[in-house]
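Worksheet: the structure to be examined is printed underneath.
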Amino acid sequence: MTDIKYHPLEPLGRGYYGVVTTTHDLEKREKVAIKKISNVFEDSITAASTLRDPMILRQIQHENIISLRHVMLPSQKTSLEDV
1 MTDIKYHPLE
11 PLGRGYYGVV
21 TTTHDLEKRE
31 KVAIKKISNV
41 FEDSITAAST
51 LRDPMILRQI
61 QHENIISLRH
71 VMLPSQKTSL
81 EDV
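The opening position of the sequence shown corresponds to residue 1 in the UniProt record's numbering, with each subsequent residue numbered one higher.
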């Protein structure tokens with residue numbers, strides 16, 4: 001799930017917790033990466049990692065690590081499975 005302001009370009013990678021794609025931010029006119037985490041509450045490890053990763057990414061400032069800019073939640077919180 002992506003906001004309307006993002007135009008998907010291509011997949012970058014896939015891991016245990018989800019998929020990362022490179023996209024184009026139509027408002028800021030720049031390339032960004034979006035990580036989609038599926039089945040967030042499938043088990044406690046996935047849920048803990050989903051909560052921990054954004055907190056860590058907000059703290060890290062390094063040229064080889066993309067900084068966290070925004071967290072998008074599903075439009076219907078009652079069916080919260082993907083972040």
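Here a beta-carbon is modelled for each residue, glycine too, at the ideal position from N, C-alpha and C.
Computed from a predicted structure; not experimentally measured.
Would Ile65 be called buried (16 or more neighbouring beta carbons within 10 Å of its own) or exposed?
-> exposed
Going by beta carbon distance, what residues of the same chain come within less than 8 Å of Thr50, once the five residues before and after it are set aside?
-> Hits under 8 Å: Tyr17, Ile37, Val40 and Val83.
Assigned secondary structure, Thr2 (DSSP; H/G/I helix, E/B strand, else coil) = For Thr2, the predicted model reports a pLDDT of 47, less than 50, meaning its position is unreliable and no value from the coordinates is stated.
Counterpart residues of Ala33 in DSSP-defined beta bridges = DSSP output for Ala33 lists Thr22 as bridge partner(s).
Presumed contact (8 Å Cβ cut-off) between Tyr6 and Thr23, rounded CB distance = 5 Å
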